[in-house]
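Just so you know, the sequence shown maps onto residues 39 to 177 in the numbering used here.
Heads up, the beta-carbon is just placed ideally off N, CA and C, and yes, glycines get one too.
Remember, predicted model here, so these are calculated numbers, not experimental data.
Below is one structure; the comments refer to it alone.
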Amino acid sequence: MNSGELLNQLLIDLQSLFRTSFRKKKFTLSQINLISSIPINGIDMTSISSYLGIDNSTLTRNVNVLIKQNILKRDVNPKDGRSKLLVLTSHGMNVKLEFENIIEKIGNKLLKNKVIVDSDQFIDMLDTLHWEINKLKLK
Numbered sequence: 039m040n041s042g043e044l045l046n047q048l049l050i051d052l053q054s055l056f057r058t059s060f061r062k063k064k065f066t067l068s069q070i071n072l073i074s075s076i077p078i079n080g081i082d083m084t085s086i087s088s089y090l091g092i093d094n095s096t097l098t099r100n101v102n103v104l105i106k107q108n109i110l111k112r113d114v115n116p117k118d119g120r121s122k123l124l125v126l127t128s129h130g131m132n133v134k135l136e137f138e139n140i141i142e143k144i145g146n147k148l149l150k151n152k153v154i155v156d157s158d159q160f161i162d163m164l165d166t167l168h169w170e171i172n173k174l175k176l177k
């Protein structure tokens with residue numbers, strides 16, 4: 039299997055694993071990614087759209103659903119007083135924490151596998167892969 043095929047299969051398998059792990063939470067994978075990506079101090083729509091690689095209309099639909107569920111809110115950006123930031127509500131922070139715990143459990147299950155001998159080396163390799171993917175996104 040070449041690197042492109044392997045990356046594609048890894049993406050499909052991770053998406054499937056996440057969907058299965060989050061099934062009881064009643065969120066779409068896109069909503070899970072959005073909630074998991076919002077920093078504590080909030081983020082503007084353009085930045086999160088770019089980070090997630092989705093268009094504004096898709097983001098707006100997801101944001102509106104999550105606002106209705108009291109997970110997100112739009113706050114005025116304190117830096118300029120005009121633009122809006124997406125911010126997690128207290129309920130949203132709890133949901134994000136639940137998501138982080140589920141994701142951590144997935145990671146721990148992978149690391150318990152005897153095929154992965156050195157967990158620190160595996161984490162370093164994932165970190166390097168993440169860095170390389172981000173560099174490609176910036177080109």
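Worksheet item: Where does D113 fall in DSSP's three states?
Response: As a working mapping, residue 113 is identified with position 75 in the sequence shown. Correct three-state label for D113: strand.
Worksheet item: Looking at the structure shown, is K177 part of a helix, part of a strand, or coil, going by DSSP?
Response: Position 139 of the sequence shown, counting from 1, holds the residue named residue 177. Note: K177 maps to coil in three-state DSSP.
Item to complete: Using 10 angstroms around the beta-carbon of G91, count the other beta-carbons present and answer buried if the total reaches 16, otherwise exposed.
Response: Your numbering for residue 91 matches position 53 in the sequence shown. So G91 ends up on the exposed side.
Worksheet item: At what residue ranges does the segment 121-154 contain a whole run of the beta strand (DSSP E), taking only runs of 3 or more?
Response: Entirely contained in the segment 121-154, the beta strand (DSSP E) runs reaching 3 residues are, in chain order, 122-126.
Fill in: Collapsed DSSP secondary structure at I161 in the structure displayed
For the purposes of this step, residue 161 is taken as residue 123 along the sequence shown, with counting starting at 1. Three-state result, I161: helix.
Item to complete: Just tell me which of T166, L97 and L124 has its CA closest to the CA of P77.
Response: Translated into positions along the sequence shown, residue 77 becomes position 39. Of the candidates T166, L97 and L124, the one whose C-alpha sits nearest the C-alpha of P77 is L124.
Worksheet item: Which residues in the same chain have their Cβ closer than 7 Å to the Cβ of E129, if we skip the five residues on either side of it in sequence?
Response: Within the sequence shown, residue 129 is the residue found at index 91, counting from 1. Residue identity differs from the one stated: residue 129 is His in this sequence, not Glu. Cβ within range, chain order: N108 and I109.
Item to complete: Could you pull out every residue in the same chain whose Cβ sits closer than 8 Å to the Cβ of L97, ignoring the five residues on either side in sequence?
Response: Mapped onto the sequence shown, residue 97 falls at position 59. For L97, same chain residues with a beta-carbon under 8 Å away, outside a window of 5 residues either side, are L72, M83, I86, S87 and L90 in chain order.
Practice prompt. Taking 8 Å as the cut-off, decide whether the C-beta atoms of K122 and S74 are in contact.
Written response: Position 84 of the sequence shown, counted from the start, is the residue given in the question as residue 122. Position 36 of the sequence shown, counted from the start, is the residue given in the question as residue 74. Taking a C-beta distance under 8 Å as the contact criterion, K122 and S74 do not qualify as a contact pair.
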